[in-house]
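To start, the structure itself, in structure tokens.
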Amino acid sequence: MNHFNTELTRMGIRARQSGKRRYITGFDGIRTLAVLGVIIYHLAPSTLQGGYLGVPIFFVVSGYLITYLLIQEFDSQNHIDILGFYGRRLKRLYPALVTMILGTTAYITLFQRSLLVNIRGTVMTNLIYGYNWFEINHGQSYFDRFSGESPFTHLWSLSIEGQFYLIWPLVVLGLLLFVHKKSQRLGILMAVAVASAIAMAVLYSPNNPNRAYYGTDTRMFAILIGAGMAFVWPAHKLNADIGRQQRLTLNIVGGASLLALVYLFFTMNGQAVSTYRGGMFWFTVLSGILVGTVAHPGSDMNRILTNRAFSYVGKRSYGIYLYQFPVMIFYESKVNIGNHPLFHALIEVALILLVTELSYRWIENPMRHYHYGQLTGDVVRYFQQPKAHRLANTLGVVAALLFGLTAVGFVQQPAAAKPTALQQTITARQAATKKKNAAAVKKQKALAAASSKKKHDTEVAFSKLSKANQKLAKYYYLTPDEVLNSKQTPLTAIGDSVLLDDSGDLQDVFPGAIVNGKVGRQAADMHDIIVGMAQQGQLAKNVLINIGTNGYVTPEQADAIVHAIGPDHQIFWVTAHVPTREWQNSVNNRIAKTADKYHNVHVIDWYATAKDQPKWFVSDHVHPNNYGNRHYTSLIAKAIAKANQ
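Residues 1 to 645 in the UniProt record's numbering are what the sequence shown spells out, letter by letter.
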């Protein structure tokens, strides 16, 4: 994200306090809060619902500090060196960005070639800071943690900042020259900020939030709020010698805003409608208040957020943000982290910090202080005495290798993403399921009528089964009574891609089953789906739930699912087998606790049944193959038959 330590030193951003001058270092604390929130959100999404909110905080800090630097430069020199500003930004941000892009692309080319789809567009738009718009049209949701997550997804925010850096010196200069009142400058910026927030609310779509989430226009309000504060609240013009009451007020306001932000980190859902229709805007306003109190030399918030640890992390927050996604995604593609999520999270954090430190020492700092005017002379001296420049030789070989592998990746980029065998299977079964659902609705009515007349005798000998049912019983390892129970049981099944993958088998065993599955479905989506199906008369007495493959299930979400189905239904909740993701055990614990809480909730423990059966799954270790689906369906049929005895 944004790191301004060089500019802070260069421009002498200092504030008077107790007769002394000191740097404003509390912004390192704010950046640390933001970057830690983002990382923890991705390592443990159930811990921080709103870890994605680190980005608006970065935007506010960026808007304030960049605008403040430009204002101070204008005040002291009566002009703004726009070209110098561009040069400093490029030296600060570009070397690490290019290194990360080349290193990541090289790794993909060698080890994860499925991620080469759109690689040329991804790399080129990142280099010109237009990647956020590319993501709107080609990317996946920022909240999709399962379906081939891209190691570049997080770079959308850097593109918005790059666009901001391009135009902002001109905007600031224009406001300083032609708008003479601070209140008018603030009014203009806040009007545009409100328009941006309205655009986010209008353009948000629950089915595809990418336009609202990634858009420059829908995100600009955060930067503008920080910039507006810089015009009316510049640190170098604020008096440190304030009264006790004023200091107390600043501290209370700053402390309250910090506590509110931390609370929202834990509670604000990134996929909720309210987040995009006002929630994120007001979160950003709170961020602006915190930034203002930290900037004021008479407040104690700066001191509270200043310590060596925060200073260390703050200086490296750009690198931490850059490298977090590649490290986590590449690590989790090779290691099954589900059974020991905390242990693997610590390893990932250590790897992120290690890569960041190497980048900071060998890339960011040297390139930031390098005088590019001497580049020609350095090249000449290198060729004159190449053996005397061992480090340059080593770096040159590494750079050439990364460029070469990136070029190979560019050449070998597939024309389009080819659906995997699993995707083809799920797509075919989804189409077949839609056809069977209509018949299942009629079948459920007939089953309900038959059930009201008499209860079927379950003591039926195998020899009396029809040949079709005998074949079914053998194939799914079912007893005669389990087969006949399934044939007469109305069932509504709602879930994600695992359920969808099994839909054909499930509807063979349960001909009265209505299946509603969707790839990537989250627990947060379930309530509205259940309510809609109930209104359409598609909610049978027995409801099968398979959710948890794609993310955590919170207590509130679990309660909402059960309440939406209602106490007059029997709920059968299948546990998750997701050994590659950190939420597996948390989801299964939540299912068990929900069953303990509600008498009509029954656990179907697919995880315990399948955890030692790797041959039941395709290569992702999550979706059952045909053999695994037989066992998955059998487990469900046996559990429902037992509950209906």
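C-beta: ideal position from N, C-alpha, C; glycine also.
For residue i and residue j, what's the separation of their Cα atoms in angstroms?
i	j	result
residue 590	residue 554	7 Å
residue 79	residue 32	33 Å
residue 372	residue 27	29 Å
residue 122	residue 155	10 Å
residue 524	residue 557	6 Å
residue 87	residue 98	16 Å
residue 209	residue 361	38 Å
residue 378	residue 384	10 Å
residue 269	residue 564	20 Å
residue 317	residue 91	16 Å
residue 560	residue 526	8 Å
residue 397	residue 83	32 Å
residue 222	residue 75	25 Å
residue 400	residue 66	35 Å
residue 498	residue 546	8 Å
residue 600	residue 642	14 Å
residue 718	residue 402	Outside the shown range of the chain, which is 1 to 645, sits residue 718, and nothing can be said about it.
residue 108	residue 149	12 Å
residue 367	residue 200	37 Å
residue 619	residue 211	32 Å
residue 538	residue 518	17 Å
residue 496	residue 520	6 Å
residue 625	residue 470	23 Å
residue 382	residue 393	9 Å
residue 428	residue 404	40 Å
residue 312	residue 128	29 Å
residue 259	residue 175	34 Å
residue 350	residue 102	22 Å
Rank the options by C-alpha distance to the C-alpha of residue i and give the top, closest one.
i	options	result
residue 115	577, 538, 584, 406	406
residue 637	125, 150, 544	544
residue 648	305, 35, 68	Residue 648 lies beyond the stretch modelled for the chain, which goes from 1 to 645, so this question has no answer here.
residue 271	228, 207, 354, 601	207
residue 261	56, 133, 346	56
residue 548	580, 541, 534	580
residue 134	113, 82, 216	216
residue 232	187, 256, 264	187
residue 583	259, 128, 341, 408	341
residue 509	495, 517, 520, 481	481
residue 124	111, 113, 152	152
residue 587	409, 550, 182, 308	550
residue 256	309, 274, 240, 291	291
residue 534	522, 516, 169, 521	516
residue 192	300, 228, 352	228
residue 54	472, 306, 284	284
residue 692	275, 355, 169	This structure cannot settle anything about residue 692, because the visible part of the chain is limited to 1 through 645.
Could you give the first and the last residue of the continuous beta strand (DSSP E) run that contains residue i?
i	result
residue 515	513-517
residue 601	601-604
residue 545	542-546
residue 493	491-495
residue 570	570-574
Going by DSSP, what residue range makes up the alpha helix (DSSP H) through residue i?
i	result
residue 485	480-487
residue 587	584-597
residue 73	54-77
residue 528	526-535
residue 210	210-214
residue 559	555-565
residue 207	Element bounds for residue 207: n/a, residue is neither H nor E.
residue 520	Counting along the chain, residue 520 falls outside any alpha helix (DSSP H), and DSSP gives it neither H nor E.
residue 539	No alpha helix (DSSP H) holds residue 539; DSSP gives it neither H nor E.
residue 579	Neither: residue 579 is in no alpha helix (DSSP H) and is coded neither H nor E.
At least one CB of chain D closer than 7 Å to the CB of residue i: is that the case?
i	result
residue 547	Structure shown: chain D not included; a single protein chain is present.
For the ligand FMN, I want to know if residue i counts as a neighbour, meaning its beta carbon is within less than 6 Å of at least one of the ligand's heavy atoms.
i	result
residue 197	In terms of ligand content, the structure shown is empty, and the ligand FMN therefore cannot be addressed.
Stretch-stretch touch, CB-based, cutoff 8 Å, three pairs: the stretch 287-299 with the stretch 321-336: no
Below 8 Å, can you find three or more Cβ-Cβ pairs linking the stretch 161-174 to the stretch 61-73? yes
Let me know the beta strand (DSSP E) ranges lying completely inside the stretch 299-349, each 3 residues or longer, listed in chain order. none
If we require 4 or more residues per run, which alpha helix (DSSP H) segments fall completely within the stretch 372-409? 375-384
Which ranges does the alpha helix (DSSP H) cover as unbroken runs of at least 4 residues, wholly within the stretch 242-282, from first to last along the chain? 244-267
What are the complete alpha helix (DSSP H) segments, minimum 4 residues, inside the stretch 105-157? 119-127, 131-138
Between the stretch 336-351 and the stretch 276-291, do three or more beta carbon pairs fall short of 8 Å? no
Segment contact, 8 Å Cβ cut-off, at least three pairs: the stretch 469-486 with the stretch 528-537: no
So, do the stretch 185-199 and the stretch 239-248 have three or more beta carbon pairs nearer to each other than 8 Å? no
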